[in-house]
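Number of protein chains: 2
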Amino acid sequence: MRWLDGIAVAGPLDRGLEFGDGLFETIALLDGRARLLERHLARLAAGARRLSITPPPASIVAAEVARAAATPGAGLVKLILTRGDGGLGYAPAAGEAHRHLLALPARPRPPAWGEEGVLARLCTTRLAEQPLLAGLKHLNRLEQVLARGEWTDPAIAEGLMLDVQGRLICGTMTNVFMVLGEELVTPALNRAGVRGVMRGALIEAFRAEGVRVTERDVDPAELALAREVFLTNALIGAWPVRALAALAWPAGPFARRAQAWVGAW
Amino acid sequence: MRWLDGIAVAGPLDRGLEFGDGLFETIALLDGRARLLERHLARLAAGARRLSITPPPASIVAAEVARAAATPGAGLVKLILTRGDGGLGYAPAAGEAHRHLLALPARPRPPAWGEEGVLARLCTTRLAEQPLLAGLKHLNRLEQVLARGEWTDPAIAEGLMLDVQGRLICGTMTNVFMVLGEELVTPALNRAGVRGVMRGALIEAFRAEGVRVTERDVDPAELALAREVFLTNALIGAWPVRALAALAWPAGPFARRAQAWVGAW
């Protein structure tokens, strides 16, 4: 027997709900087309391999995403892949994986955030170091929920997060890039953080243009030395950061190049 | 619009599924009565405070658990409390919390596991250190899923887990006690692990009998010095550990006292 808020409901529990035992993708729609879909599906498949979840065939997922993308008014598709039904402990001996798909309107963002840049803050919630899960877009996101709960001021677009050792890792929902000299630097994500689809696409695009892009441990004190800082994810593309506490940066040429590519994709 | 495995379904996503944004309790039933119910409800309320989730009144939850406990054949009730509906990012500005309740048959366990003790193993999956979430029975359980996925031998009852620093913390689904001299020692859970309801009840019961119980950092090498080791959770009560790798222990008087209390509760 099962109940939701006191009402009897049918069906077993999903291990995604029970344990966060799964992965997700948040895919931007442009004119009914899913942007960077191949990258999303590749990351999902790689995450499923890491978690030993047998994913449905990519062709089925792609077809379902395409159908969801045709929903009138939809601006994004959220895809959740879970290990399947649960109810009997942690052992991952469940049956077939489940895919949850949701077509949602895009969240309105001030155009100035892309044009002039955003205000960011530094979160006090630290990210734990877990190499086994680092990089994955898995469903265990309480750290991000706690960090995003630290502020309600709608003028602040994003909060940057450090790991428990004090390294700069990411924003609550974005990856971070900084320009140091002529080099583009972005935090290594082998202990914490999510390897964003947009982050990967932009790293490749910059490298293809001959820009040196380095993924490494980043001390947040390096932000003070950066010529520009920008944030990326699959939905927003790239936002320049114009201020974080006492630090301020211009919306510089690297962020503009990133935005131009995103516009073309 | 929303789909599950390609079929259109109604309703928004639960943040419990989206982000593991919630808590759970697994409550043993004995003759239709929920064991240690007040402790489960107290832990749930404390966890909700830590996560800033507004829980439903305890009286409503208690009444619903009592109703679920009356399900014929049920041996346990699983209660999941989530922050509510989601769909729009990590910000915890959702509406009302949801409670999922499931009445399930008890999992059959070999009687010998309680009588003679269990075989345990040491997991290679390490627990991350996250003081903000340590102790809570929250829904972010991928570490436990990975650890429990390390073995399939049904003769092994449990896997013990270390944190990333190498401290002994817990089993995948149990807390750990060891007897050192006349002292009962159990790992401190301020950086990782779940503060089990049975653990808390037994610590109080031992202390009320004058036994010295210490919660502290534990080096797994101390297991070799222990006179007995036992595992606890709300469903199993207490299992002596009879062997872990090359180590072996008798089912000793501390585990027997714990089992006697559990039998009386």
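These protein sequences, in sequence, are chains A and B.
Reading the first sequence from the start, the letters are residues 0 to 264 in numbering that gives the first Met the number 0.
Reading the second sequence from the start, the letters are residues 0 to 264 in numbering that gives the first Met the number 0.
For each residue, glycine too, the CB sits at the ideal point set by N, CA and C.
Burial state of residue i (16 or more Cβ within 10 Å)
{"i": "ILE202/A", "result": "buried"}
{"i": "VAL240/A", "result": "buried"}
{"i": "THR81/B", "result": "buried"}
{"i": "GLY262/B", "result": "exposed"}
{"i": "THR53/B", "result": "exposed"}
{"i": "LEU29/A", "result": "exposed"}
{"i": "VAL8/B", "result": "exposed"}
{"i": "ASN189/B", "result": "exposed"}
{"i": "ARG125/B", "result": "buried"}
{"i": "ALA105/A", "result": "exposed"}
{"i": "GLY19/B", "result": "buried"}
{"i": "ASP152/A", "result": "exposed"}
{"i": "THR123/B", "result": "exposed"}
{"i": "GLN258/B", "result": "buried"}
{"i": "ASP218/A", "result": "exposed"}
{"i": "THR25/B", "result": "buried"}
{"i": "ARG255/B", "result": "exposed"}
{"i": "GLU182/B", "result": "exposed"}
{"i": "LEU50/B", "result": "buried"}
{"i": "GLY31/A", "result": "exposed"}
{"i": "ALA111/B", "result": "exposed"}
{"i": "THR185/B", "result": "buried"}
{"i": "ILE6/B", "result": "exposed"}
{"i": "GLU128/A", "result": "buried"}
{"i": "ARG147/B", "result": "buried"}
{"i": "GLN265/A", "result": "The structure shown has nothing for residue 265/A, since chain A only spans 0 to 264."}
{"i": "GLY85/A", "result": "buried"}
{"i": "GLY21/A", "result": "buried"}
{"i": "GLY158/B", "result": "buried"}
{"i": "GLY113/B", "result": "buried"}
{"i": "LEU16/B", "result": "buried"}
{"i": "ALA223/B", "result": "exposed"}
{"i": "ILE168/A", "result": "buried"}
{"i": "ARG211/A", "result": "exposed"}
Closer than 8 Å at the beta carbon, the chain A residues around residue i
{"i": "LEU128/B", "result": "Note that residue 128/B is Glu in the sequence shown here, rather than Leu. Near GLU128/B (Cβ distances below 8 Å), the residues of chain A are ALA127, GLU128, VAL163."}
{"i": "ASP20/B", "result": "ARG140, LEU141, VAL144"}
{"i": "ILE79/B", "result": "LEU12, LEU16, GLU17"}
{"i": "HIS137/B", "result": "LEU141"}
Interface residues of chain A facing residue i [CB-CB closer than 9 Å]
{"i": "THR124/B", "result": "LEU131"}
{"i": "PRO91/B", "result": "VAL144, LEU145, ARG147, GLY148"}
Contacts of residue i in chain B (Cβ-Cβ under 9 Å)
{"i": "TRP2/A", "result": "GLU63, ARG66, ALA67, ARG98, HIS99, LEU100, LEU101, ALA102"}
{"i": "SER51/A", "result": "LEU145, GLY148"}
Neighbour list for residue i in chain B, Cβ cutoff strictly below 7 Å
{"i": "LEU87/A", "result": "ARG106"}
{"i": "GLY94/A", "result": "None at all; the shortest Cβ gap to chain B is about 12 Å."}
{"i": "GLY5/A", "result": "GLU63"}
Residue i: contacting residues in chain B (beta-carbon distance under 8 Å)
{"i": "ASP216/A", "result": "Under the 8 Å cutoff, chain B gives no residues; its nearest Cβ is about 16 Å from ASP216/A."}
Nearest-angstrom beta carbon gap, residue j and residue i [assumed within contact, 8 Å]
{"i": "LEU118/B", "j": "ILE155/B", "result": "5 Å"}
{"i": "MET172/A", "j": "ASN232/A", "result": "6 Å"}
{"i": "GLY236/B", "j": "GLY192/B", "result": "Actually they are not in contact, since the Cβ atoms of GLY236/B and GLY192/B sit about 19 Å apart, beyond 8 Å."}
{"i": "VAL196/A", "j": "ARG38/A", "result": "5 Å"}
{"i": "LEU138/A", "j": "PHE23/A", "result": "6 Å"}
{"i": "LEU100/A", "j": "ARG1/B", "result": "7 Å"}
{"i": "PRO55/B", "j": "ALA102/B", "result": "That pair is no contact at about 18 Å."}
{"i": "GLU221/A", "j": "MET177/A", "result": "7 Å"}
{"i": "ARG14/B", "j": "GLY83/B", "result": "6 Å"}
{"i": "LEU36/A", "j": "ALA61/A", "result": "7 Å"}
{"i": "ALA65/A", "j": "LEU40/A", "result": "Not quite, the Cβ-Cβ distance comes to about 12 Å (not below 8 Å), so this is no contact."}
{"i": "GLY251/A", "j": "ARG226/A", "result": "6 Å"}
{"i": "ALA27/B", "j": "LEU78/B", "result": "About 12 Å; that fails the 8 Å criterion."}
Problem set entry | Contiguous alpha helix (DSSP H) assignments of at least 4 residues, all confined to the stretch 166-242 of chain B | 196-207
For this session: Only counting runs of 4 or more residues, tell me where the alpha helix (DSSP H) segments fall wholly within the stretch 56-130 of chain A, in order along the chain.
Result: 57-68, 110-114
Exercise. Mind listing which residues of the stretch 62-74 of chain A have their C-beta closer than 7 Å to chain B's C-betas, in chain order?
Worked result: GLU63, ALA67, THR70
For this session: Anything in the stretch 159-193 of chain B with a Cβ closer than 7 Å to a Cβ of chain A? List those residues in chain order, please.
Result: VAL163, THR171, MET172
Exercise. Got a sec: which bits of the stretch 225-241 of chain A sit with their beta carbon under 7 Å from any beta carbon on chain B, in order along the chain?
Worked result: none
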